[in-house]
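Notes to accompany the following structure.
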Amino acid sequence: MNPAGLETYIALSALLFAIGFFGVLLRKNTLVIYMCLELMLLASTLALVAFSKFQRTLDGAVFVFFILTIAAAEVAVGLAIIVALFRKRHSVHVDDLNLLKH
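The opening position of the sequence shown corresponds to residue 1 in full-length UniProt numbering, with each subsequent residue numbered one higher.
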């Protein structure tokens with residue numbers, strides 16, 4: 001069995017990032033948009049870990065700890081905002097949450 005090379009990890013990371021990017025652009029549900037943002041964050045984390053592994057340094061692992069910390073804070077704040085918006089508007093669709101536009 002051949003171990004996966006750096007190109008495989010980078011291709012997987014790019015694919016996951018693209019799925020997350022298009023999910024943010026095309027979806028209307030705030031929870032799905034939020035999950036797509038997390039997918040983009042994890043794709044960048046995968047690329048950092050792959051580079052760290054293949055360069056035999058710990059720099060990528062240190063960045064991963066920072067990214068995971070930021071992601072945890074983002075989850076707490078983002079879900080609190082989504083729950084507050086749902087309680088106020090009874091909807092999680094972006095089209096219904098356009099109060100700040102007007």
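We put the beta carbon where it would ideally sit given N, CA and C, even for glycine.
- Note on the region 25 to 87: whole alpha helix (DSSP H) runs with a minimum of 4 residues are 30 to 55, in chain order.
- Taking a C-beta distance under 9 Å as the contact criterion, I19 and R27 do not qualify as a contact pair.
- Remark: C-beta atoms of E38 and V64 do not approach each other more closely than 9 Å.
- One thing to note: V94 has its Cβ no nearer than 9 Å to the Cβ of I82.
- About 7 Å separates the beta carbons of L16 and L42, which is inside the 8 Å limit, making them a contact pair.
- Taking C-beta atoms as the reference points, C36 and V24 count as a pair closer than 9 Å.
- The criterion of a C-beta distance shorter than 9 Å is satisfied by I10 and A47.
- Residue pairing of H90 in beta bridges, as defined by DSSP: absent, with no partner found.
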